[in-house]
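I have placed the structure first, in the form of structure tokens, so that the comments after it can refer back to it.
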Amino acid sequence: MSSSDQNLPAAPGLTDGPLLLIDGHAMAFRAFFALPPDGFTDGRGQSTNAVYGFARMLINVVAAEQPAYVAVAFDMSGGTFRDRIYDQYKGGRDETPAQLVGQFPMIQSMLNAMGVTWLEVPDFEADDIIATLATRTAAEGGEALIVTSDRDAIQLVSERITLLQPVKGVTEMRRMDPAAVEEKYQVAPERYCDLAALVGESADNLPGVPGVGPKTAAKWLNQYGDLTNLLAHAEEITGKAGQSLRDHIADVERNRRMNAAVLDLELPADPAVYALGRGDRAALMGVFDDLAFGPTIRKDVPEVFLADGEEGAEPAAAEELGEIISAQGEQLARLLAGEFAQGAALAIDGRWELGSGEATALALSAEGALAVVDLQTLDPEGESALASWLADAAVPKTAHDVKLAIHQLRGRGLEVAGWRTDLGIAEFLCRPDQRPTDLAGLLMRHLSEDLQVASAASQQELSLDSGDAAQEELARAADAVRRLEPLLRADLEKHAAASLHDDLELPLAMILADMEEAGIEVDDAQLAELDEEREGQQRAVAESAYAHIGGDRINLGSPKQLQEVLYERLGLPKGRRTKTGYSTDAETLADLFEKTGHGFLADLLAHRDVTKMRQIIETLRRFIADDGRIHTTFHQTIAATGRLSSNSPNLQNIPMRTEEGRRIRGAFHASGSEQVLLTADYSQIEMRIMAHLSEDEGLIEAFRSGEDLHNYVASRVFDVDPEDVGPAMRSKTKAVSYGLAYGLSPFGLARQLRISQSEASALRDGYFERFGGVRDYLRESVEAARATGYTETILGRRRYLPDLRSDNRQRRENAERVALNSPIQGSAADIMKLAMLRVESGLRGAGLRSRILLQVHDELVLEVPGDELEQVRGIVVDGMGAAHELSVPLSVGVGVGRTWLEAGH
DNA sequence: TTTCGAACGTA
DNA sequence: CGTACGTTCGAAAG
């Protein structure tokens, strides 16, 4: 014990606020690695980055969690009892960096000045101190908060003990309560030690049962209750994993002894020892002077640390918010009919997974009222009032992510109408090149600093009678949404994007929600078969590759090892350079093969192909849900041009180019024997937009003529009759056409067509001679963007490109290519989105059951009952064809079939 | 454990 | 040294 008297009298439980427990070693390590060591020094060459990061963490957590008591626990050097049980304990761990070692005493003197008690006990770890204090507090009826990155603390989580795990740096924390632990590990917190004993802990150098991961371990524990009972029945467990368990029982038992926290250390019991408010401002400033800390952190030290009791200045603009109402029944009905009758900002809690997830709590914020509804205990009166309020289209609602809100509430059986603003979409339309922002990020960006301080202060005053921290947080989120909405609406006006939000993106979000919920059916058995077929092929081609290089079994997937073999061992001529060495991409390998004919290269390329295919197949299989369908997620706020993106899994990059790859599309099919898939795609939409925007008469005529576009253009460029255009002419012309839309350079064109740069220049010049309107448009559009600062699509979607005026040539030219491409790609995206609205309303208006399943940039995939086919074909062709009037017609191709492959073109 | 770059699938 | 994405892997950071 270092800082406190052992013999204090026992005292009542800690009831005035939670006890905050911090693992000093773990957090100092994190702080050390999160901040650059040379960015923080005390002027004498001693690093202070860990001290600074630790202080920031402590200040933030105290401000956010408002604990009444704090203790920081440290490990002591010289080992612990655990080292005597297992001599490899924590073996293989890197030494503590020298620059960090010296910072521990600095952290401890800082804590002394702050009046924060810190503890260390010989022979025990910080974990044990924390475990003892946390469980004791909980037993006495108090609450504890633990801050550590050490997973051993998970076992302590309970109704009264919450774990805050740093997720990024030292200030972003993940809140782990019993539900969160169960969600993440599939076992209750008290079973976590059992799970860890089976799986092992690499950070502590404790090996687990080989072949047993968290999934298997959780399955066993849920089947047998706990580890003791599982080991008693080890003989019953079948399969490889069962045998492995029997072979490693001794390890498991050792692990279990090692990872059990010690709960009975002798530590001071008097709450006064841990109470905040004993700091000395002068001493602390002295310590900060010594550390050469700047003014920011001094200003941020909460008064609650300090003993001198000076009142901090009241924030001037603090808005009076009143309390958070936890509303049910009659009270909820009254609020909905009163304070919330004119609309509200919504925030929703609860995980969402299709089929299983649902909203568990809903917070509503309007001027003058802030309420939280527990959706798990909602009574019938509250339920019906809420359901009709949500479904009332005349009551405007706002959320940070409307599509997610729709899913969450739908999972709970609630439908919403009357969405007014999606903050995420609004933010994206105004700043499409910014990364998508969470609520905290939006607050940072949109509230002035004064207002943020006021907001933080007033939010600290908010509290819920029940004291439920998660619900309080939710209420604050709803309140943040409410404050942000007018600011983002103003922003939408400023960026001329209100109509894009209201009439395009927000209605589209509803459609995307339906598409995601629908999913697309996939034949798992067929994918399994495809995968198996390739397994042998993959092995054979790998063996053959190894044979070509003397049998050395290198990792064919490692560019580094490949470089060594290709360019060192085999001495092949080096090609293109990458940042980290020489390229081994397919193009380079193919060139090399042409030059040398080395069999290894052909095998390697074949291995790449088959590996990639298997990878895609296996990824898809993992995403097949219980309903036999894959439910991707579409994002509206990722691609700066306005395209959608798709992930989990990405269904916008399913192979199409090769025969082998296309077979994967054959596994996607309509469900039931009476339905078919219908695909509809725009043909050459980007070139049509180019024709429209450039008003080039030749290009417009090319589309009006109805001839093959590239053939027609080639005949003009090369000045020959259309029937005399050869395949080489056509493909060169096609490359130039598409290159133009991407901001082509003679260099890039030359490389792609494998011609000389001067030939490429000549080709482009010839093109521009015949299609001068295109040249003028491209030149003018970049200049216009340089003048205004942004490019624009046909619907007025903007993309800001400050780099167009950069002095750095590389950056400027990059921005110029983006400026050439964005209006074209973005306008195509706009048109497709308009088409989706038309198609959806056409289907609904006709009362059809057909539905849109996927969008792949210029293609829609629909699932159609056979008897609706002709009607749907008409709706889709019309809807897409008439989505937006251009000076050339929009041409739509349609295919129908049982599978995506058959329906494709 | 988390992040980065290379590679490669789509439009 | 053409645009826009997402996923995977291995290697290198932390």
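Per my numbering, the very first residue in the first sequence carries number 3; after that it's consecutive.
Just so it is clear, CB atoms sit at the ideal spot from N, CA and C, and this is done for glycine as well.
As the structure is a prediction and not an experimental result, all values here were calculated from the model.
Between Y684 and L888 the beta-carbon gap is near 11 Å, outside 8 Å, which marks them as no contact. Judged by DSSP secondary structure, P168 falls outside any alpha helix (DSSP H) and instead within the beta strand (DSSP E) spanning I163 to K170. F31 is positioned such that its CB atom lies closer than 9 Å to that of A52. The stretch 837-854 makes no contact with the stretch 697-717; the number of CB pairs closer than 8 Å stays below 3. Membership of T423 in the beta strand (DSSP E) is indicated by the continuous run W421 to D424.
Excluding sequence positions up to five before and after I619, its CB lies within less than 7 Å of the CB of L529, L532, D533 and I666, all in the same chain and listed in chain order. A check of alpha carbon separations from S546 across D249, A285, L603 and L591 identifies L603 as the nearest. Between the C-alpha atoms of A608 and T634 there is a straight-line separation of about 30 Å. Taking each of D504, L388 and N810 in turn and checking the Cα distance to A428, the smallest one comes out for D504. In this structure L742 is in contact with V776, their Cβ atoms being roughly 7 Å apart against a cut-off of 8 Å. Bounds of the beta strand (DSSP E) holding N649 are S647 to N649.
Between the stretch 495-502 and the stretch 363-383 there are fewer than three inter-stretch CB-CB distances shorter than 8 Å, so the stretches are not counted as touching. Between L425 and A361, the beta carbon gap of about 18 Å keeps them out of contact (Cβ cut-off 8 Å). A distance below 6 Å between beta-carbons, with the five flanking residues on each side excluded, links A70 to the following residues of its chain, in chain order: D18 and G19.
By the Cβ neighbour-count rule, N655 is exposed, with fewer than 16 other Cβ atoms within 10 Å of its own. Per DSSP, reduced to three states, the secondary structure at G895 is strand. Contact between T795 and S829 is confirmed by a C-beta separation of about 4 Å, below the 8 Å threshold. Residue nearest to L21 within the set L147, F430, T43 and T164 is L147 (criterion: CA-CA distance). The residue among A393, T230, D351 and G420 with its C-alpha nearest the C-alpha of L377 is D351. Less than 9 Å divides the Cβ of Q330 from the Cβ of V375. In this structure, D805 sits near R814, with a CB-CB distance shorter than 9 Å. About 18 Å separates the Cβ atoms of Y548 and Y569, ruling out a contact at the 8 Å cut-off. For the stretch 42-69, the full-length alpha helix (DSSP H) segments reaching 4 residues or more read 51-67 along the chain.
Under DSSP, I626 takes part in a beta bridge, and its partners are I632. For I251, the number of other beta carbons within 10 angstroms of its own is below 16, and it is reported as exposed.
With distances taken between CA atoms, D832 lies nearest to A499 out of A499, P651, Y769 and T582. For A140 and V72, the gap between their C-alpha atoms comes out near 15 Å. Within the model, the alpha-carbon separation for S328 versus R536 is close to 58 Å. With a cutoff of 9 Å on beta-carbon distance, D154 and A33 are scored as not near each other. For V866, the uninterrupted beta strand (DSSP E) segment begins and ends at E861 to P867.
Remark: C-beta atoms of L348 and A199 do not approach each other more closely than 9 Å. Rounded to the nearest whole angstrom, the CA to CA distance from E355 to Q188 is 15 Å. In the three-state scheme derived from DSSP, where H, G and I count as helix and E and B as strand, M658 is classed as coil. With contact defined as three or more Cβ pairs closer than 8 Å, the stretch 564-581 and the stretch 625-645 are not in contact. Considering only E589, R610, P729 and I522, the residue with the shortest C-alpha distance to I626 is I522.
The Cβ atoms of K170 and M178 lie no closer than 9 Å to each other.
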